[in-house]
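First the structure, in the form of structure tokens, and then the observations on it.
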Amino acid sequence: MISVPVVLAASPFVLFLILLFFRKTPLTWVSLFSLTLVTILAVFYWKVNPVYIYGSIAKGFFVAVDILFIIFGAIFFLEIMRETKIIENIGYYLESISKDIRIQVIFLAWFFENFLEGTAGFGTPSTIVAPLLVGIGISPISAVIIALLGNSSSVVFGAAGTPIKVGFSGLAGSSLPLTASLFNLVGILVPVFMLWFLTKGKENGKEEFFEALPFALWAGVAFAVPSILIVSMGQEFPSILGSIIGLILVLITTKLGLFVPKTEKELIDKTHLALLPLFKVAFPYLLLIGILLAGKFIIGSRGLTIPLVVGHTFAFFNPGFAFIIAGLITIVAYRISLKFASYSLKLAVKRSVEPFLIIVFMSVISQIMVNSVHNQVSLPSMIDFLAIYFKNIFLPLWAPIIGAFGSFLTGSATISNLMFGNFLAVSAKDLGFGVDKILALALVGGAAGNMIALADIIAAEAVVGLKNEERKVLKGVIVPCVIYIVLVGAIGLCFLRR
Numbered sequence: 005m006i007s008v009p010v011v012l013a014a015s016p017f018v019l020f021l022i023l024l025f026f027r028k029t030p031l032t033w034v035s036l037f038s039l040t041l042v043t044i045l046a047v048f049y050w051k052v053n054p055v056y057i058y059g060s061i062a063k064g065f066f067v068a069v070d071i072l073f074i075i076f077g078a079i080f081f082l083e084i085m086r087e088t089k090i091i092e093n094i095g096y097y098l099e100s101i102s103k104d105i106r107i108q109v110i111f112l113a114w115f116f117e118n119f120l121e122g123t124a125g126f127g128t129p130s131t132i133v134a135p136l137l138v139g140i141g142i143s144p145i146s147a148v149i150i151a152l153l154g155n156s157s158s159v160v161f162g163a164a165g166t167p168i169k170v171g172f173s174g175l176a177g178s179s180l181p182l183t184a185s186l187f188n189l190v191g192i193l194v195p196v197f198m199l200w201f202l203t204k205g206k207e208n209g210k211e212e213f214f215e216a217l218p219f220a221l222w223a224g225v226a227f228a229v230p231s232i233l234i235v236s237m238g239q240e241f242p243s244i245l246g247s248i249i250g251l252i253l254v255l256i257t258t259k260l261g262l263f264v265p266k267t268e269k270e271l272i273d274k275t276h277l278a279l280l281p282l283f284k285v286a287f288p289y290l291l292l293i294g295i296l297l298a299g300k301f302i303i304g305s306r307g308l309t310i311p312l313v314v315g316h317t318f319a320f321f322n323p324g325f326a327f328i329i330a331g332l333i334t335i336v337a338y339r340i341s342l343k344f345a346s347y348s349l350k351l352a353v354k355r356s357v358e359p360f361l362i363i364v365f366m367s368v369i370s371q372i373m374v375n376s377v378h379n380q381v382s383l384p385s386m387i388d389f390l391a392i393y394f395k396n397i398f399l400p401l402w403a404p405i406i407g408a409f410g411s412f413l414t415g416s417a418t419i420s421n422l423m424f425g426n427f428l429a430v431s432a433k434d435l436g437f438g439v440d441k442i443l444a445l446a447l448v449g450g451a452a453g454n455m456i457a458l459a460d461i462i463a464a465e466a467v468v469g470l471k472n473e474e475r476k477v478l479k480g481v482i483v484p485c486v487i488y489i490v491l492v493g494a495i496g497l498c499f500l501r502r
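Every position in the sequence shown, counted from 1, becomes a number in my numbering once 4 is added.
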């Protein structure tokens with residue numbers, strides 16, 4: 005029988021889904037109403053110590069500030085790329101590899117995003133690639149969906165191994181990275197999901213899909229297998245080196261005509277002309293990648309810790325800073341007018357406000373739910389009440405679902421791991437499952453859940469100029485996400501024995 009605390013703990017999410025999908029309420033108001041309900045429950049039913057309420061609000065705000073820098077920087081950088089006509093020229097150079105839009109999309113949304121996830125993470129890949137997809141002729145809503153699909157499989161190792169190093173700190177054993185990479189072989193289907201979305205609903209969509217299916221599968225394998233082989237070098241490298249090796253392999257096979265569709269599918273209404281030499285087109289992105297790599301490996305995770313009850317560390321390196329620095333250097337190098345630079349800054353501020361508010365509300369919700377354990381009535385936290393029904397022999401099936409839910413709510417597989425890692429580790433021990441195996445399943449689920457992460461959806465929408473299209477985006481990514489999670493859970497259920 006379901007208890008009252010469980011119903012109450014679930015009620016904010018029920019309200020969220022009703023308002024968003026059935027009442028079609030804008031996400032800003034949906035998240036605010038959900039936060040209000042969570043706060044009321046925390047104060048009057050859980051009787052959470054006030055200091056933890058205030059601490060959760062502060063922590064949620066600080067988490068949102070970190071993401072704000074990424075959104076602001078990405079929009080600023082994008083406007084500079086538009087002014088210099090660089091995005092227009094990217095299409096021309098992609099056509100030199102293949103004129104087929106299906107191949108171009110997979111190059112950008114699979115290999116490039118996987119590399120960006122390994123170097124920066126935290127929503128950066130989709131905010132960079134979504135505008136590039138628009139630049140080669142994909143509609144803004146489709147570009148956001150495809151970019152979100154791509155920002156998934158490589159999240160297992162994230163930015164230099166952060167989801168494991170930070171998310172499962174003190175919990176993960178030595179076998180977890182390899183175990184996670186093996187479960188994550190399901191990720192070879194992600195380019196297939198992209199291809200399916202790109203071709204569905206078209207007059208010859210079925211034919212176009214099956215014609216390019218070998219290429220999509222080969223692209224998935226070309227990244228996944230090298231990533232597994234590289235795991236032994238350290239969890240910092242699978243996403244970075246796996247994407248580079250995979251890209252090289254696929255470039256070679258494409259030039260040789262292997263796995264590519266027999267007929268090239270071009271967008272009728274796109275024409276790309278080379279207005280800039282390749283170096284000038286590539287320079288800002290090479291600069292951006294260089295700054296991201298330098299920040300990640302030189303500055304690392306060092307930061308400024310805010311001494312609160314619910315502590316937070318502002319990292320000295322934030323991917324948003326890389327966007328801003330690369331944008332400013334490009335302004336000087338390409339002699340862009342100060343008037344346009346000022347306009348770009350103002351536009352970035354304007355477009356960042358609403359996404360920032362939504363992320364604040366959602367971040368505070370997750371913080372209050374986690375910290376509701378600090379109460380005056382000796383109740384477990386809201387999260388614990390939601391998780392208690394998953395502590396059974398089907399834990400290998402539930403683990404990726406829990407991981408995906410955490411990513412959906414927080415926008416980060418790392419934070420999802422921090423939220424649920426201890427519960428999953430204790431449950432695995434109590435039920436006789438291997439801890440590393442259960443954590444690996446949750447990690448892969450969290451990576452898949454990144455497709456539906458609200459923070460990433462909001463950020464990607466902001467950089468392509470969309471507003472209040474969350475329902476359409478979620479409808480586009482939810483089926484691939486569910487397939488990914490269910491397959492991983494089914495594999496876990498089949499191969500894990502107590």
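Cβ atoms here follow ideal geometry from the backbone N, Cα and C, with glycine treated the same way.
Helix, strand or coil for residue i, going by three-state DSSP, please let me know.
i      : result
Thr40  : helix
Val377 : coil
Val109 : helix
Val357 : helix
Ala457 : coil
Pro195 : helix
Lys281 : In the sequence as displayed, the identity of residue 281 is Pro instead of Lys. Reduced to three states, the DSSP call for Pro281 is coil.
Lys471 : coil
Ile272 : Residue placement at Ile272 is poorly supported in this model, since its pLDDT is 48, which falls under 50; the coordinates are not used for a value here.
Pro404 : helix
Leu351 : helix
Tyr338 : coil
Phe172 : coil
Leu136 : helix
Val160 : helix
Gly59  : helix
Leu19  : helix
Ile101 : coil
Thr32  : helix
Asn118 : helix
Thr88  : coil
Ser7   : coil
Lys266 : coil
Along the chain, where does the beta strand (DSSP E) that runs through residue i open and close?
i      : result
Gly307 : 307-310
Starting from residue i and walking both ways along the alpha helix (DSSP H), at which residues does that stretch end?
i      : result
Ala452 : 439-453
Met423 : 417-435
Leu180 : 180-187
Asp388 : 386-391
Leu23  : From DSSP, Leu23 is part of no alpha helix (DSSP H); its letter is neither H nor E.
Arg475 : 474-499
Gly299 : First-last for Gly299: undefined, no H or E at that position.
Lys210 : 209-234
Ile244 : 242-259
Val148 : 144-154
Using the Cα positions of residue i and residue j, report the straight-line distance between them to the nearest angstrom.
i      : j      : result
Phe320 : Glu117 : 23 angstroms
Val264 : His316 : 48 angstroms
Met423 : Val374 : 7 angstroms
Ile329 : Ala345 : 13 angstroms
Val364 : Thr258 : 44 angstroms
Ser7   : Tyr393 : 11 angstroms
Ile272 : Asp104 : Residue placement at Ile272 is poorly supported in this model, since its pLDDT is 48, which falls under 50; the coordinates still yield a value, given next. Taking the straight line joining both Cα atoms gives about 11 angstroms.
Ser35  : Leu260 : 50 angstroms
Val254 : Glu121 : 19 angstroms
Pro195 : Tyr49  : 46 angstroms
Leu296 : Glu212 : 37 angstroms
Gly162 : Ser376 : 29 angstroms
Which residue or residues does DSSP assign as beta-bridge partners of residue i?
i      : result
Thr317 : Thr309
Val52  : Asn379
Within 10 Å of its beta-carbon, does residue i have 16 or more other beta-carbons around it, so buried, or fewer, so exposed?
i      : result
Ser341 : exposed
Ala337 : exposed
Ile419 : buried
Thr88  : buried
Leu500 : buried
Thr414 : buried
Gln108 : buried
Asp434 : exposed
Phe318 : exposed
Gly436 : exposed
Gln371 : buried
Cys485 : buried
With a threshold of 8 angstroms between beta-carbons, can residue i be considered close to chain B, or not?
i     : result
Ser15 : Considering every chain present, this structure includes no chain B. It has just one protein chain.
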